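Asker:
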Amino acid sequence: MSDLKLIPPDQLTPFEQRLLDSVANESPSPEQRARVRLALGLPAVAPQTPASPPVARRALLLKAGGGLALSGALVALFLGGAQHRPAPPPAKSDPVVPADSVALPTPSLSPAPASSTAPLAREANEPSAPVKRTSKPAPADSAADLGEQLRLIDAARAAVAAGNASAAAAALSSYRTRFPRGPFGQEAAVLQIKTLDLQGNHALAAAEARNFLARYPNSPHASVVRRIAGL
Amino acid sequence: MRGIVQSVVSNPSVPMRGEASKARLERMFTEHHDFIWRLLRRLGLSQGGADDAAQHVFLVAAERINDIKLGSERSYLFGTALRVARSQNRFDRRWVLEEDMDVRRGEGMRAEERIDQQRAVDLMGRILEGMTLELRTVFILSELEGMTMPEVAALVEIPVGTAASRLRRAREAFRAAAAELESKLNSGSKTS
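Protein sequence lines correspond, in order, to chains A and B. Quick note on numbering: the first sequence equals residues 2 to 232 in the working numbering. Quick note on numbering: the second sequence equals residues 7 to 198 in the working numbering.
#1: Tell me which same chain residues have a C-beta within less than 6 Å of the C-beta of A163(A), skipping the five on either side of it?
#2: Select from A206(A), A207(A), R38(A), G201(A) the residue whose C-alpha is nearest the C-alpha of F35(B).
#3: Can you check which of these residues, I133(B), A87(B), M155(B), A68(B), is closest to G42(A) by C-alpha distance?
#4: Could you name the residues of the same chain whose beta carbon sits closer than 7 Å to that of R175(B), not counting the 5 residues immediately before and after it, in chain order?
#5: Measuring CA to CA, which of H38(B), Q61(B), W43(B) is closest to G77(B)?
#6: By Cβ distance, which residues of its chain are closer than 7 Å to R48(B), with the 5 residues on each side in sequence left out?
#7: In the DSSP assignment, find the unbroken alpha helix (DSSP H) run with S27(B) in it and report its ends.
#8: Let me see if you follow: with CB-CB separation under 8 Å, is R36(A) close to chain B or not?
#9: Which class does S1(A) belong to by DSSP, given the choice of helix, strand or coil?
#10: Going by the beta-carbon positions, is the gap between P31(A) and L151(A) smaller than 8 Å?
#11: With a cut-off of 8 Å, does the C-beta of L83(B) fall near any C-beta of chain A?
#12: According to the neighbour-count rule (16 or more other Cβ atoms, all chains shown, within 10 Å of its Cβ), is N26(A) buried or exposed?
#13: Apart from the five residues on each side of it in sequence, which residues of its chain come closer than 7 Å, Cβ to Cβ, to A183(B)?
#14: Pick out whichever of L45(B), L65(B), W43(B) has its Cα sitting closest to the Cα of A40(A).
#15: Can you name the residues of chain A whose CB is closer than 9 Å to the CB of E25(B)?
#16: With a threshold of 8 Å between beta-carbons, can N219(A) be considered close to chain B, or not?
#17: Which residues, in order along the region 157-183 of chain B, keep a beta-carbon less than 7 Å from a beta-carbon of chain A?
#18: Shorter than 8 Å from the beta carbon of S16(B) to some beta carbon of chain A?
#19: Can you tell me which of the three DSSP states I71(B) falls into?
#20: Would I194(A) and A210(A) qualify as a contact pair, given that the criterion is a beta-carbon distance under 8 Å?
#21: Mind checking P221(A): buried by the 16 CB within 10 Å criterion, or exposed?
#22: Under 8 Å between C-beta atoms, does D73(B) make it to chain A?
#23: Based on Cα-Cα distance, which residue from A207(A), L153(A), L199(A), S167(A) lies nearest to R177(A)?
#24: If the cut is a Cβ gap below 8 Å, which residues of chain B does A230(A) touch?
#25: Report the neighbours of P181(A) on chain B: residues whose CB is nearer than 7 Å to its CB, in chain order.
#26: To which residues of the same chain is P184(A) closer than 6 Å at the C-beta, ignoring the five residues directly before and after it?
#27: Measuring straight from C-alpha to C-alpha, what distance separates A126(B) and F180(B)?
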């Protein structure tokens, strides 16, 4: 089944390699991970820099293949070197540990079967290795900020759930003042609408809900906002 | 959808979920969120679109957590992501290349030297968009996610032979499209 493995790097033109590498390096932002965790009601953990970035399968292929000298040099040249350096091998056998899950209390993850060795040696039935090659470490400040933002949003959410509109409004006001361009703007807006509704200010809540829908028509929160807007 | 969204926005502990379900959801998020996000990106969504769609996928999974067969989590998320991407793609266009392909021009530079990262991502997106969804999906899972053929076949729920055949055709499409783009870029350089 050798013909079914990745296109060997020595068969790729530099241009093809460049194209494949470009999308292999994409990954969701720490804010995105935090947002989904928040929406799912999972513990809000500030993203941390992973101890050992995952190894990219294609990057390892480059290293393992004879084409490393040529292809690797080209890739490094095109991308400015450091950004595209193959990551060091992970210390543990489980390579897929998102940054924001490092400090989770007890995720009780079953350890992934060994896949930190070069993918070329991987058996057909082994689980696949992760694709990401690089992981941009989040600056300490932004991680702390993110934690604080999550704390405020969580506080507002808990207050709404408890029917405490004034506490929710205070938390949301603090959030907006301190993080006017924070990544949880949508969540704050939804909670604001809920707070207005809770305060009995249904007309304003509906108006805010309609504004929200105009601004974020495809938001995952659209259905609940639509209900408040009476749509 | 309404129930879960409402409850998660207003209440951190979603009432329908016990601790076991929550732990399972945690594992699903930890193990598959990034994969789902990358998949959505490669299926043509913008970064913002992929953010929203990934959240949507996991909210749906949270709502149906008790219906998802143990061991089928990735498969469930994958199928949901495909559906969400199809629906979201109608509103969210990721690839916005101009026809004249505005790249850095320079005499004597090869095509791969004249495109920056974002442009390379866009070009790759254009190539993926030119494939049928069946070919694109197999290509993404195999060439970009590094999955083996049995894994791809299991996830897409097709025979291994079919997956292999699709991959061959997808590779041909990729190489043909890349060659065409490269030639276009090189001819642009000569005429500049």
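For each residue, glycine too, the CB sits at the ideal point set by N, CA and C. All of these numbers come straight from a predicted model, not from anything done at the bench.
Answerer: On the basis of the supplied data:
#1: Cβ neighbours of A163(A) beyond the five flanking positions: none.
#2: Between F35(B) and the set A206(A), A207(A), R38(A), G201(A), the nearest pair of CA atoms involves R38(A).
#3: Taking only the C-alpha atoms, the option nearest G42(A) is A68(B).
#4: Residues L141 of the same chain have their beta carbon placed closer than 7 Å to that of R175(B), with the five preceding and five following residues left out of the count.
#5: Ranking H38(B), Q61(B), W43(B) by Cα distance to G77(B) puts H38(B) first.
#6: Sequence-distant partners of R48(B) (beyond 5 residues in either direction) whose C-beta falls short of 7 Å from its own C-beta, in its chain, are L134, I146, L150.
#7: Counting along the chain, the alpha helix (DSSP H) containing S27(B) begins and ends at 25-48.
#8: It does; some Cβ of chain B falls within 8 Å.
#9: Nothing in the structure corresponds to residue 1(A), since chain A is present only between 2 and 232.
#10: L151(A) is positioned such that its CB atom lies no closer than 8 Å to that of P31(A).
#11: Chain A contact via Cβ: absent.
#12: Buried, because 16 or more other Cβ atoms sit within 10 Å of the Cβ of N26(A).
#13: Within the same chain, A183(B) has close Cβ partners I133, G136.
#14: Of L45(B), L65(B), W43(B), the residue nearest in Cα terms is L65(B).
#15: What E25(B) touches in chain A: nothing, since even the nearest Cβ is about 11 Å away.
#16: Answer yes: the Cβ-Cβ gap between N219(A) and chain B drops below 8 Å somewhere.
#17: Shown in chain order are the members of the region 157-183 of chain B whose Cβ falls below 7 Å from a Cβ of chain A: E157, A170, L173, R177, R181.
#18: Legend: pLDDT at S16(B) = 42, less than 50; position of this residue unreliable, no value from coordinates given.
#19: DSSP places I71(B) in helix when its eight states are reduced to three.
#20: It is a contact, given that the beta carbons lie within the stated cut-off.
#21: The residue is buried, with at least 16 neighbouring Cβ atoms inside 10 Å.
#22: Taking Cβ atoms only, chain A never reaches closer than 8 Å to D73(B), which makes this a no.
#23: Of the listed residues, the one whose Cα sits closest to R177(A) is L153(A).
#24: Ordered by position in chain B, no residue passes the 8 Å Cβ test against A230(A), which lies about 13 Å from the chain.
#25: Within chain B, not a single residue places a beta-carbon under 7 Å from that of P181(A); the smallest gap is close to 18 Å.
#26: By the criterion of a C-beta distance shorter than 6 Å, P184(A) is surrounded in its chain by E32, once the five residues flanking it on both sides are discounted.
#27: Cα to Cα, A126(B) sits roughly 14 Å from F180(B).
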